[in-house]
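Peer 1: Take 38 as the starting number for the sequence shown in the working numbering and just add one per residue. Just so it is clear, CB atoms sit at the ideal spot from N, CA and C, and this is done for glycine as well. Computed from a predicted model, the values in this text were never measured in an experiment.
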Amino acid sequence: MTTTTETGVLAARFQETFDAAADGVWQAPGRVNLIGEHTDYNEGFVLPFAIDKTAKVVLRVRDDSRVRMLSTFGGHGVVEADLADSEPGSGEGWSRYPLGVAWALKERGIEVPGFDLLLDSDVPSGAGLSSSHAIECAVISALNELTGAGFAAEDLVLATQRAENVFVGAPTGIMDQSASLRGSKGHAVFLDCRDQHVELVPFDAEASGLVLLVIDTKVSHSHADGGYASRRASCELGAGILGVKALRDVGVERLEEASGLLDETTLRRVRHVVTENDRVLQTVEVLGTEGPAAIGTLLDASHVSMRDDFEISCPELDLAVDTSRANGAIGARMTGGGFGGSAIALTPVGQEQQVRDAVVRSFAKAGFTAPDIFTVTPAAGALRLA
Ligand code: GAF
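1. Which partner residues does W131 have in the DSSP bridge list?
2. Please tell me whether, using a cut-off of 6 Å, the distance from the CB of T209 to the nearest non-hydrogen atom of ligand 1 is below it.
3. Going by CA-CA distance only, name the one from D355, L183, V256 and D77 that's closest to P208.
4. What residue ranges within the segment 388 to 418 form continuous beta strand (DSSP E) runs of no fewer than 3 residues, ordered along the chain?
5. Where does T91 land, buried or exposed, given buried means 16+ other C-beta within 10 angstroms?
6. Starting from N314 and walking both ways along the beta strand (DSSP E), at which residues does that stretch end?
7. Which residues does DSSP pair with I177 in a beta bridge?
8. Using a threshold of 7 Å, state whether the C-beta atoms of I88 and A419 are closer than that.
9. Alpha carbon to alpha carbon, how far is P135 from S123? Give it in angstroms, no decimals.
10. With DSSP as the reference, label E80 as helix, strand or coil.
11. Could you tell me the boundaries of the alpha helix (DSSP H) in which G275 lies?
12. Can you give me the C-alpha to C-alpha distance between V396 and G187, rounded to a whole angstrom?
13. Considering only their Cβ atoms, is the gap separating G73 from F82 smaller than 7 Å?
14. What's the C-alpha gap between K143 and G151?
15. Please classify T384 as buried or exposed, where buried requires at least 16 other C-beta atoms within 10 Å of its C-beta.
16. E173 and A200: beta carbons closer than 7 Å?
17. What are the uninterrupted segments assigned as alpha helix (DSSP H) that are 4 or more residues long and contained completely in the segment 352 to 381, given in chain order?
18. Taking 7 Å as the cut-off, decide whether the C-beta atoms of A166 and V94 are in contact.
19. Could you give the distance in angstroms between the alpha-carbon of A357 and the alpha-carbon of G263?
20. Using a Cβ-Cβ cut-off of 7 Å, state whether A207 counts as contacting chain C.
21. When burial is assigned at 16 or more other CB atoms within 10 Å of the CB, is P352 buried or exposed?
22. Regarding G373 and ligand 1, is the C-beta to nearest heavy atom distance less than 6 Å?
23. Tell me which same chain residues have a C-beta within less than 8 Å of the C-beta of R291, skipping the five on either side of it?
24. Could you name the residues of the same chain whose beta carbon sits closer than 6 Å to that of S221, not counting the 5 residues immediately before and after it, in chain order?
25. Along the chain, where does the alpha helix (DSSP H) containing L336 start, and where does it finish?
26. Given a threshold of 16 other Cβ atoms within 10 Å of its Cβ, counted over all protein chains shown, does A401 qualify as buried or as exposed?
27. Mark A189 as exposed unless 16 or more other C-beta atoms lie within 10 angstroms of its C-beta, in which case mark it buried.
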């Protein structure tokens, strides 16, 4: 969590670096997805939440188009760019995210001035917790306010998606930025990705004697790599053959018919999305009637579907999930886009240490890099700190 002191320290560092006072400090969180994977770009349902790990940006707008950016990590010194010639594909590493959202706002007709920016983040990068969206959402919140653009969250979600899809080159959906911008403390964000309707669903694991463990496998992934895009292409192919706008329009009752129309791989990809949408709806219902202690089997089924049908898991994620379940977690699944990143394990408080120890031991035995294991709770979405 940010404290006033940390914000003050960042503001002082900004002043020292750029020899000017900042206009303000904004923060946006990473996210964990409770359930609903690869359903967002199929216009389906997702249930992520904003986590208590955030990116913070200290920013001031300039009266020219230059951009100067420094991060508290990475040690690359001040990165310079110019918005006048910043275009898709330009920038490197984390600097693509501020440049990308500035470009996306310009594309929407906003006159975006240059800016000086100091970035700080405790969202682990490459862990599948959307560290990139945390940066983008913090910067776009700042620019939305400082330029007077005043876009609603739904528009910022779409602008951020343009930044990712076109500027950064990752063909992702709208889940991560929706959680980061629209998250709320103590709630999961039940999002209908067709119309961006949001319902905040209370998710208080602690009140049910549970903790949600995140197991960062340290296998890092990039959605600009081919695996994500190829899954997306399979979904589009399946929707086309089934004659629907998006797989959201295919219910579980059509899967038998689909088996006669689709090739074996496309059928499995489609089956994942269709059943995953159904699991999201069931999870929301069960959370409302019985609470978090009753969603374990849905989390488990989601993992099996991603492992066997969508084929986006990896040995480290499977080991984290299987070991957690064998040592007392009531449900576990990989979270995020896949091919690495993190798993989540919903675990009774009294079993937490056993799960942690067992996962660490199993990774060591398998010769995998030691995982990082921590708990998360649903936290607030993007906001201005100072
Ligand atoms: C990544 C993407 F950014 C999201 O849009 C979503 O598709 C997710 O993978 C898979 O559910 O986080």
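Peer 2: Reading it off the structure:
1. Here residue 131 refers to the residue found at position 94 when the sequence shown is read from its first residue. None, per the DSSP bridge assignment.
2. As a position in the sequence shown, residue 209 is number 172, starting the count at 1. True, at least one ligand heavy atom lies under 6 Å from that Cβ.
3. Here residue 208 is taken as the residue at index 171 of the sequence shown, counted from 1. Ranking D355, L183, V256 and D77 by Cα distance to P208 puts D77 first.
4. 409 to 413
5. Counting from one through the sequence shown, the residue named residue 91 turns up at place 54. Buried, since its Cβ has 16 or more Cβ neighbours within 10 Å.
6. For the purposes of this step, residue 314 is taken as residue 277 along the sequence shown, with counting starting at 1. Counting along the chain, N314 falls outside any beta strand (DSSP E), though it belongs to the alpha helix (DSSP H) covering E301 to T326.
7. Residue 177 sits at position 140 when you count from the first residue of the sequence shown. Paired residue(s): none; I177 is not in a bridge.
8. Within the sequence shown, the letter at position 51 stands for residue 88. Within the sequence shown, the letter at position 382 stands for residue 419. For I88 and A419, no; Cβs fall outside 7 Å.
9. Walking along the sequence shown from the start, residue 123 turns up at place 86. Walking along the sequence shown from the start, residue 135 turns up at place 98. C-alpha separation (whole angstroms): 11 Å.
10. On the sequence shown, position 43 is the one that residue 80 refers to. Correct three-state label for E80: coil.
11. Mapped onto the sequence shown, residue 275 falls at position 238. Unbroken alpha helix (DSSP H) run through G275: G263 to L279.
12. As a first step, residue 396 must be located in the sequence shown, where it is residue number 359. As a first step, residue 187 must be located in the sequence shown, where it is residue number 150. Those two C-alpha atoms are separated by around 46 Å.
13. In the sequence shown, residue 82 corresponds to position 45, counting from 1. In the sequence shown, residue 73 corresponds to position 36, counting from 1. Yes.
14. As a first step, residue 143 must be located in the sequence shown, where it is residue number 106. As a first step, residue 151 must be located in the sequence shown, where it is residue number 114. Taking the straight line from one Cα to the other gives about 12 Å.
15. Locating residue 384 in the sequence shown gives position 347, where the first residue counts as 1. Looking at its Cβ environment, which holds 16 or more other Cβ atoms inside 10 Å, T384 is buried.
16. Locating residue 173 in the sequence shown gives position 136, counting from the first residue. Locating residue 200 in the sequence shown gives position 163, counting from the first residue. Yes; because the gap between Cβ atoms is below 7 Å, this pair is in contact.
17. 352 to 363
18. For the purposes of this step, residue 166 is taken as residue 129 along the sequence shown, with counting starting at 1. For the purposes of this step, residue 94 is taken as residue 57 along the sequence shown, with counting starting at 1. At residue 166 the sequence reads Leu, which differs from the Ala that was named. Result no, Cβ atoms of L166 and V94 do not sit closer than 7 Å.
19. Residue mapping note: residue 357 aligns to position 320 of the sequence shown, counting from 1. Residue mapping note: residue 263 aligns to position 226 of the sequence shown, counting from 1. One C-alpha to the other measures close to 24 Å.
20. Here chain C cannot be found, since the structure has a single protein chain.
21. Against the sequence shown, residue 352 aligns to sequence position 315. With fewer than 16 Cβ atoms within 10 Å of its Cβ, P352 is classed as exposed.
22. If you number the sequence shown from 1, residue 373 lands on position 336. True, at least one ligand heavy atom lies under 6 Å from that Cβ.
23. Locating residue 291 in the sequence shown gives position 254, where the first residue counts as 1. These residues qualify, in order along the chain: L279 and V311.
24. Sequence index remark: in the sequence shown, residue 221 carries index 184 (1-based). Result list for S221: L237, in chain order.
25. Counting from 1 along the sequence shown, the entry for residue 336 is found at position 299. Per DSSP, L336 belongs to the alpha helix (DSSP H) from G333 to V341.
26. Here residue 401 is taken as the residue at index 364 of the sequence shown, counted from 1. A401 should be labelled exposed.
27. Counting from one through the sequence shown, the residue named residue 189 turns up at place 152. Its Cβ having fewer than 16 others within 10 Å, A189 is exposed.
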